[in-house]
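Residues in the sequence shown are numbered consecutively from 96, following this note's numbering.
Yeah, the Cβ is synthetic: ideal placement off N, Cα and C, and Gly gets one too.
Quick caveat: nothing in here was measured; it's all calculated off a predicted structure.
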Amino acid sequence: MFEVSTRTIYRDIDAINVAGIPIRSHSGVGGGFEIMPEYKIDKKVFSTADLSAILIGLSSLSNIVRGDELVNALAKVKSFIPAEKAKDIAVKTDQIYIDLSPWMGNQNTQPYLETIKAALQDCKLLFFGYTAHHGNKTARTVEPYRLVLKGSHWYFYGYCYTRNDYRLFRLSRMSDLQMGRETFIPRDYKKPVLNFEEILAAMQTEVKIRIHRSILDRVLEYCTCDHFTPDGDEHYFVNFPFIENEYYYNILLGFGDKCECVGPPHIRKEMKRRIYDIAAIYGD
Numbered sequence: 096m097f098e099v100s101t102r103t104i105y106r107d108i109d110a111i112n113v114a115g116i117p118i119r120s121h122s123g124v125g126g127g128f129e130i131m132p133e134y135k136i137d138k139k140v141f142s143t144a145d146l147s148a149i150l151i152g153l154s155s156l157s158n159i160v161r162g163d164e165l166v167n168a169l170a171k172v173k174s175f176i177p178a179e180k181a182k183d184i185a186v187k188t189d190q191i192y193i194d195l196s197p198w199m200g201n202q203n204t205q206p207y208l209e210t211i212k213a214a215l216q217d218c219k220l221l222f223f224g225y226t227a228h229h230g231n232k233t234a235r236t237v238e239p240y241r242l243v244l245k246g247s248h249w250y251f252y253g254y255c256y257t258r259n260d261y262r263l264f265r266l267s268r269m270s271d272l273q274m275g276r277e278t279f280i281p282r283d284y285k286k287p288v289l290n291f292e293e294i295l296a297a298m299q300t301e302v303k304i305r306i307h308r309s310i311l312d313r314v315l316e317y318c319t320c321d322h323f324t325p326d327g328d329e330h331y332f333v334n335f336p337f338i339e340n341e342y343y344y345n346i347l348l349g350f351g352d353k354c355e356c357v358g359p360p361h362i363r364k365e366m367k368r369r370i371y372d373i374a375a376i377y378g379d
C-alpha cells in the first residue's frame, strides 16, 4: 500500500517507539504491531514544526479540493495546538502559502474535481466528452481511480471503456462531466507513469536561440542561467532544451519577435515555415 520495504516499516516502528508511543507486537498468524489500546495521544508528541507542516499541507489542499473531511481534519489538528504555542505556530504556518488554484483558466476545474472526488469515494462511473490531440472528440465512460496534480494541471486516471485500457485524462479537455448512478467493482489497477525525466532527457536536444533581455524571465521557466551567454547589453544566446514536436515549436513561437532561432538549420527553416503560415492567415 505505501510502497516501502519491510526494513523501512521496522525502522518506522522503532521511530514511533522512540517518540514515546508504546508499540506492542504479536507473533504468529494474524500477528503484527499495534499501539497499546489504553494509550492516549499526548498533544506534546507534535512539535511546533510538525503542526506547522501539517497545517500548511492541509490548508493548501483545501484551497482546491473542498470537503467536510478536510475542514474536520484542520479542526482536529488545530486542537493539538497548546495555547502557549498558538501564536508561534500561526506565524510559522503563514510563512509558506501554497495556492494551487490558477490565476485564470477553465472554470469547470473546481466542479469537476468535486464530481470526480465523489465518484472515487463511491466507486461510480463517470461519463464525459473528451477532446484529445488534434481536436478529436469522443464520448467516454470511465472507472475513476486517482486524481493527479502534475505541474499546474489536474488529471484523473481511470479505466476507459471506450479504449478498454487505463488512461490519464486532463480535466481542461473534458466536457459535460456526469457521475452515473451505477457502481463498479474496483480493479487491481496499475498506477500511471508520471515521471518522464529519463525519457525526455533521451529525446531532448539543444537549439540555439537569441533572445531579448525582456523575455529573460519567461525563458528561465525552461532552462537555468548556465544556458545563457550575453550578446551585448540587450540580448542573450541560449542553449534551449528542445524536442521536435508541436509543443516545443509553439513555445519558441510564443516568444514572438523577441526570440530568433539561430540553429540548427533545419529547425530554423521549420520555424520560418510556421511563421509564414501564421502570416498567411492574416493576408498580405
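Check: Would you tell me roughly how many angstroms separate the C-alpha atoms of TYR377 and CYS354, rounded to the nearest one?; Outcome: 21 Å
Check: Where does LYS285 sit, in a helix, a strand or coil, going by DSSP?; Outcome: coil
Check: Going by C-alpha to C-alpha distance, which of ILE111, GLY127, SER120 and ASP189 sits closest to LEU74?; Outcome: Because the chain in this structure spans residues 96 to 379, residue 74 falls outside the shown range and cannot be described.
Check: Could you compute how far the alpha carbon of LEU290 sits from the alpha carbon of ILE211?; Outcome: With the sequence shown as reference, residue 290 is identified as Asn, and Leu is not the correct amino acid for it. Distance between the alpha carbons of ASN290 and ILE211: 23 Å.
Check: Quick check on PRO239: buried or exposed, where buried means 16 or more other Cβ atoms within 10 Å of its Cβ?; Outcome: buried
Check: Spell out the partners DSSP gives ALA234 in its beta bridges.; Outcome: GLY224
Check: Just to confirm, is the Cβ distance from LEU347 to PHE335 under 9 Å?; Outcome: yes
Check: Thinking C-alpha only, which one of GLN273, GLU301 and GLU292 is nearest PRO360?; Outcome: GLU301
Check: Select from ASN340, TYR343, PHE337 and ARG308 the residue whose C-alpha is nearest the C-alpha of GLU329.; Outcome: ARG308
Check: Who are GLN273's beta bridge partners in DSSP?; Outcome: PHE222
Check: My understanding is that LEU220 touches GLY275, with C-beta atoms under 8 Å, so please give their C-beta distance in whole angstroms.; Outcome: 4 Å
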